[in-house]
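Input: a single structure, listed below in structure tokens.
Here is the structure:
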């Protein structure tokens with residue numbers, strides 16, 4: 001059966017540069033001296049550390065627990081000793097640090113006890129929780145926690161499960177090699193996902209520059225005998241591997257602004273994610289390693305199976321970086337970001353370490369004014385008008401950029417690629433996006449502060465009122481009491497109620513009387529333990545004092561003493 | 562002539578009644594301009610403007626009693642927004658009201674704190690937890706950095722710490738436009 005494929009708008013055809021890294025199979029990487037595993041590796045909450053410096057950890061032991069549902073657990077990639085839990089530089093353009101667990105491998109690579117799950121008997125919710133705790137996230141680059149995507153829509157079932165093996169970005173071949181070598185296991189992972197999503201059919205999209213991968217996947221499908229799974233060759237055009245673009249190509253569905261593909265019965269996963277889901281469900285192994293392409297300015301570009309947390313330069317050394325290397329780029333040349341250092345760790349998002357040099361990636365020519373030629377709009381796969389968004393981003397008119405649907409931009413870099421004025425359009429869009437997010441955060445904080453301030457004023461007002469009421473009630477009660485005492489027995493209460501100045505005087509007298517009584521009652525308490533002699537002396541002193549205080553009384557006659 | 566007069570009077574009465582009804586029915590409570598100004602102000606509630614909180618300052622601006630350049634936490638951007646909203650001329654931040662500082666939160670040195678509760682009473686947003694003779698601490702997420710707790714502290718155990726940039730708050734820089742090379 002020949003399926004009809006569709007086209008997405010725009011796109012470009014950069015030189016692919018994929019041949020050299022696909023000549024050799026995926027290679028293992030020797031254990032490095034230390035692993036630095038950042039706890040925050042996926043979209044969502046920052047996982048809490050579960051280990052302390054000095055702890056002994058086994059391979060696959062959880063070292064970071066998922067923080068809330070939009071988060072994913074992190075595990076020790078090998079056995080060893082936890083040397084530190086500290087903020088370390090993360091693979092991010094900013095060069096900022098994030099809480100990381102530093103493990104010194106003991107070289108034994110010994111597995112800890114693995115939590116297994118019975119896939120057939122478990123409920124979908126249990127499977128999702130299990131995948132969250134196994135740290136399975138999208139390996140296509142967005143690192144969105146997979147368990148959240150494995151929910152069938154409102155209807156309880158999905159129409160089409162799209163598996164993304166397009167791998168459109170130049171230089172990167174990790175998905176290609178994974179499909180060639182591990183197609184059967186990947187297919188088992190796809191079956192599990194299909195079961196969880198109750199998907200009617202599965203479409204695997206592979207660009208036509210990967211005939212070996214396509215053949216391997218098709219052979220695996222035939223061998224498994226499962227119905228309703230199809231591997232399709234799609235035309236090579238960047239960015240066919242974008243989720244929305246691939247869905248468009250395979251199903252013809254165009255996901256509109258503000259909607260999700262699940263609203264149309266389609267969900268999309270990367271082939272690497274499918275493989276790690278199989279690994280987690282079938283063998284109980286959490287996500288500890290991933291296939292990483294090392295390409296660019298190296299002797300032998302190749303794919304490696306790299307443990308999460310391995311320093312990038314440790315992997316690049318195997319491929320033989322040329323001496324003029326001046327930067328590592330995580331990802332490809334179109335969407336990749338420059339790393340702040342050479343020894344930043346490989347994380348779940350690292351699909352490729354692109355080794356750069358001034359000769360391979362010369363600095364871009366200076367930016368020239370926009371001539372509004374519209375090439376960027378022709379190339380934009382998200383049907384946006386980049387020249388308009390550029391204009392407003394440059395002027396920092398962020399409201400307008402949002403009117404032009406800035407947040408539908410997937411930052412694929414097609415516009416910058418075709419721009420005849422060499423304008424780094426994506427840089428402007430990234431700048432605008434982060435400014436808008438910052439403003440939203442500030443606005444939220446201001447709204448909270450306003451609410452809390454208003455509540456505090458309200459509370460103070462209320463407390464003042466309550467205090468006044470309490471005082472008034474107390475005063476009224478005292479007045480009543482005094483009135484009751486002052487009234488002669490048998491008199492009617494109304495007649496006895498003193499008024500005006502009398503009431504006040506009565507109150508004052510009552511208070512003075514009370515004070516007098518209290519004073520009289522006070523007796524020193526530190527005399528209980530005194531000796532009888534001391535007590536007798538004190539009694540004599542008290543008697544003399546009493547006599548002095550009442551000088552009007554005549555002194556006792558001396559003869560009687 | 563008489564008909565014309567009657568018609569005109571009739572129309573006048575009718576329209577007058579309509580306007581009168583509308584002014585009661587669609588009466589706007591409060592000043593909507595104050596709300597708009599208040600939305601621009603940063604809600605630090607620090608009082609550096611000379612008014613007890615952001616809303617009173619918004620009232621004063623709307624009433625023409627205060628200038629738009631008295632809010633240091635709002636900074637230059639805040640003044641520009643106010644100038645845009647009110648159609649006034651932009652003015653640099655007035656020096657007597659303070660200077661623009663990086664966003665900070667107050668931090669209590671818990672070992673020094675004697676538990677006097679003075680800072681709790683001073684905090685405009687109830688962001689300090691504690692009780693008499695108990696250690697106090699600051700809810701960093703709710704602290705607006707107004708510095709109002711610094712002065713009342715009898716043992717000077719509160720310090721302002723600038724908020725460090727994290728990956729979640731990091732921003733892409735504005736692309737540098739190389740005019741010289743391009744020319």
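Chains as they are written, first to last, in our numbering: chain E, 1 to 561; chain Y, 562 to 744.
Idealized CB from N, CA, C, for every residue including glycine.
C-beta contact flag for residue 151 of chain E and residue 109 of chain E at 7 Å: For the purposes of this step, residue 151 of chain E is taken as residue 151 along the first chain, with counting starting at 1. For the purposes of this step, residue 109 of chain E is taken as residue 109 along the first chain, with counting starting at 1. The answer is no: Cβ separation not under 7 Å.
Assigned secondary structure, residue 328 of chain E (DSSP; H/G/I helix, E/B strand, else coil): Within the first chain, residue 328 of chain E is the residue found at index 328, counting from 1. When secondary structure is reduced to three states using DSSP, residue 328 of chain E falls in the strand class.
Three-pair Cβ contact test at 8 Å for the region 688-696 of chain Y versus the region 389-402 of chain E: Contact between the region 688-696 of chain Y and the region 389-402 of chain E is absent: fewer than three C-beta pairs spanning the two stretches fall below 8 Å.
Start and end residues, beta strand (DSSP E) containing residue 726 of chain Y: Position 165 of the second chain, counted from the start, is the residue given in the question as residue 726 of chain Y. No beta strand (DSSP E) holds residue 726 of chain Y; DSSP gives it neither H nor E.
Between the CA atoms of residue 167 of chain E and residue 385 of chain E - distance to the nearest angstrom: Residue numbering aside, residue 385 of chain E sits at position 385 when the first chain is read from its first letter. Residue numbering aside, residue 167 of chain E sits at position 167 when the first chain is read from its first letter. Rounded to whole angstroms, the gap between the alpha carbons of residue 385 of chain E and residue 167 of chain E is 25 Å.
Terminal residues of the alpha helix (DSSP H) in which residue 386 of chain E lies: The residue given as residue 386 of chain E occupies position 386 in the first chain. Counting along the chain, the alpha helix (DSSP H) containing residue 386 of chain E begins and ends at 386-394.
Through-space distance from residue 586 of chain Y to residue 47 of chain E, alpha-carbon basis: On the first chain, position 47 is the one that residue 47 of chain E refers to. On the second chain, position 25 is the one that residue 586 of chain Y refers to. If I take the Cα positions, the gap works out to 55 Å.
Selection of the region 690-723 of chain Y by Cβ proximity to chain E, strictly under 8 Å: Taking 8 Å as the Cβ-Cβ cut-off against chain E, the residues of the region 690-723 of chain Y that qualify are 703 and 705.
Which of helix, strand or coil DSSP assigns to residue 474 of chain E: Numbered from 1 along the first chain, position 474 holds the residue referred to as residue 474 of chain E. Helix, per DSSP.
CB contact below 7 Å: residue 735 of chain Y versus chain E: Walking along the second chain from the start, residue 735 of chain Y turns up at place 174. Residue 735 of chain Y has a beta carbon lying within less than 7 Å of a beta carbon in chain E.
Exposed unless 16 or more other CB atoms sit within 10 angstroms - verdict on residue 351 of chain E: Translated into positions along the first chain, residue 351 of chain E becomes position 351. Around the C-beta of residue 351 of chain E, 16 or more other C-beta atoms lie within 10 Å, and the residue is accordingly described as buried.
Residue-level contact to chain E via CB, residue 592 of chain Y, 7 Å cutoff: Position 31 of the second chain, counting from 1, holds the residue named residue 592 of chain Y. No, residue 592 of chain Y does not count as interfacial toward chain E.
Boundaries (first-last residue) of the alpha helix (DSSP H) holding residue 375 of chain E: What you label residue 375 of chain E is simply residue 375 of the first chain in a count that begins at 1. Per DSSP, the unbroken alpha helix (DSSP H) holding residue 375 of chain E starts and ends at 375-379.
Cβ pair residue 158 of chain E, residue 199 of chain E closer than 7 Å: Stepping through the first chain from its first residue, residue 158 of chain E is reached at position 158. Stepping through the first chain from its first residue, residue 199 of chain E is reached at position 199. Yes, these two residues count as a Cβ contact at 7 Å.
Chain Y within 7 Å of residue 428 of chain E, Cβ atoms only: Locating residue 428 of chain E in the first chain gives position 428, counting from the first residue. So yes, residue 428 of chain E belongs to the interface.
Rounded separation between residue 99 of chain E and residue 663 of chain Y - CA only: As a first step, residue 99 of chain E is located in the first chain; it is residue number 99 there, counting from the start. As a first step, residue 663 of chain Y is located in the second chain; it is residue number 102 there, counting from the start. The alpha-carbon atoms of residue 99 of chain E and residue 663 of chain Y are separated by roughly 24 Å.
Unbroken beta strand (DSSP E) run spanning residue 270 of chain E, endpoints: As a working mapping, residue 270 of chain E is identified with position 270 in the first chain. In the DSSP assignment, residue 270 of chain E falls within the unbroken beta strand (DSSP E) covering 266-270.
Residue burial classification, residue 607 of chain Y (beta-carbon count within 10 angstroms, cutoff 16): Your numbering for residue 607 of chain Y matches position 46 in the second chain. With 16 or more other Cβ atoms within 10 Å, it is buried.
Residue 571 of chain Y, buried or exposed, once every other Cβ within 10 Å from all chains shown has been counted against 16: Taking the second chain and counting its residues from 1, one reaches residue 571 of chain Y at position 10. Residue 571 of chain Y counts as exposed, since fewer than 16 other C-beta atoms from the protein chains shown sit within 10 angstroms of its C-beta.
Residue closest to residue 163 of chain E, alpha-carbon to alpha-carbon, out of E/111, E/141 and E/250: One-based indexing of the first chain puts residue 163 of chain E at position 163. Between residue 163 of chain E and the set E/111, E/141 and E/250, the nearest pair of CA atoms involves E/250.
CA nearest to the CA of residue 61 of chain E, picked from E/536, E/339, E/285 and E/297: For this step, residue 61 of chain E is matched to residue 61 along the first chain. Looking at E/536, E/339, E/285 and E/297, the one whose alpha-carbon comes closest to that of residue 61 of chain E is E/285.
Where the beta strand (DSSP E) containing residue 302 of chain E begins and where it ends: To locate residue 302 of chain E, count along the first chain from 1; it is residue 302. First-last of the beta strand (DSSP E) with residue 302 of chain E: 302-307.
Beta carbon of residue 387 of chain E nearer than 7 Å to that of residue 376 of chain E: Residue mapping note: residue 387 of chain E aligns to position 387 of the first chain, counting from 1. Residue mapping note: residue 376 of chain E aligns to position 376 of the first chain, counting from 1. With contacts defined as CB atoms closer than 7 Å, residue 387 of chain E and residue 376 of chain E qualify as a contacting pair.
Cutoff 7 Å: residue 450 of chain E Cβ touching any chain Y Cβ: As a first step, residue 450 of chain E must be located in the first chain, where it is residue number 450. It does; some Cβ of chain Y falls within 7 Å.
Residue 234 of chain E - containing beta strand (DSSP E), residue span: Looking up residue 234 of chain E in the first chain gives position 234. Residue range 229-234 is occupied by the beta strand (DSSP E) that includes residue 234 of chain E.
Beta-carbon gap between residue 8 of chain E and residue 381 of chain E smaller than 7 Å: Sequence index remark: in the first chain, residue 8 of chain E carries index 8 (1-based). Sequence index remark: in the first chain, residue 381 of chain E carries index 381 (1-based). Yes.
For residue 71 of chain E and residue 42 of chain E, believed in contact at Cβ under 8 Å, the rounded distance: The residue labelled residue 42 of chain E in the question sits at position 42 within the first chain. The residue labelled residue 71 of chain E in the question sits at position 71 within the first chain. The C-beta separation of residue 42 of chain E from residue 71 of chain E comes to about 7 Å, placing the pair in contact by the 8 Å criterion.
Local Cβ density within 10 Å of residue 534 of chain E, reported as buried at 16 or more and exposed below that: By one-based count along the first chain, residue 534 of chain E stands at place 534. By the neighbour-count criterion, in which 16 or more other beta carbons inside 10 Å mark a residue as buried, residue 534 of chain E falls on the exposed side.
Residue 316 of chain E, enclosing alpha helix (DSSP H) - first and last residue: For the purposes of this step, residue 316 of chain E is identified with residue 316 of the first chain, where counting begins at 1. Residue 316 of chain E -> alpha helix (DSSP H) spans 312-319.
Cβ neighbour criterion (16 or more within 10 Å) applied to residue 169 of chain E: Taking the first chain and counting its residues from 1, one reaches residue 169 of chain E at position 169. In the assembly as shown, residue 169 of chain E is a buried residue. Its beta-carbon has 16 or more other beta-carbons within 10 Å.
Distance CB(residue 726 of chain Y)-CB(residue 665 of chain Y) smaller than 7 Å: Position 165 of the second chain holds residue 726 of chain Y. Position 104 of the second chain holds residue 665 of chain Y. Taking C-beta atoms as the reference points, residue 726 of chain Y and residue 665 of chain Y fail to come closer than 7 Å.
For residue 649 of chain Y and residue 18 of chain E, the rounded distance between their alpha carbons: Reading the first chain from its first residue, position 18 is the one you call residue 18 of chain E. Reading the second chain from its first residue, position 88 is the one you call residue 649 of chain Y. A direct Cα-to-Cα measurement between residue 18 of chain E and residue 649 of chain Y gives close to 59 Å.
For residue 75 of chain E, three-class secondary structure by DSSP: Along the first chain, one-based indexing puts residue 75 of chain E at 75. Residue 75 of chain E: strand per DSSP, three-state reduction.
Buried or exposed by the 16-neighbour rule on C-beta atoms within 10 Å, applied to residue 508 of chain E: In the first chain, residue 508 of chain E corresponds to position 508, counting from 1. Counting Cβ neighbours within 10 Å, residue 508 of chain E comes out exposed, since fewer than 16 surround it.
Residue 270 of chain E versus residue 423 of chain E: straight-line alpha-carbon distance, rounded: In the first chain, the residue the question calls residue 270 of chain E occupies position 270. In the first chain, the residue the question calls residue 423 of chain E occupies position 423. Those two C-alpha atoms are separated by around 31 Å.
For residue 143 of chain E and residue 349 of chain E, the rounded distance between their alpha carbons: Within the first chain, residue 349 of chain E is the residue found at index 349, counting from 1. Within the first chain, residue 143 of chain E is the residue found at index 143, counting from 1. Cα atoms of residue 349 of chain E and residue 143 of chain E: separation of roughly 6 Å, rounded to the nearest angstrom.
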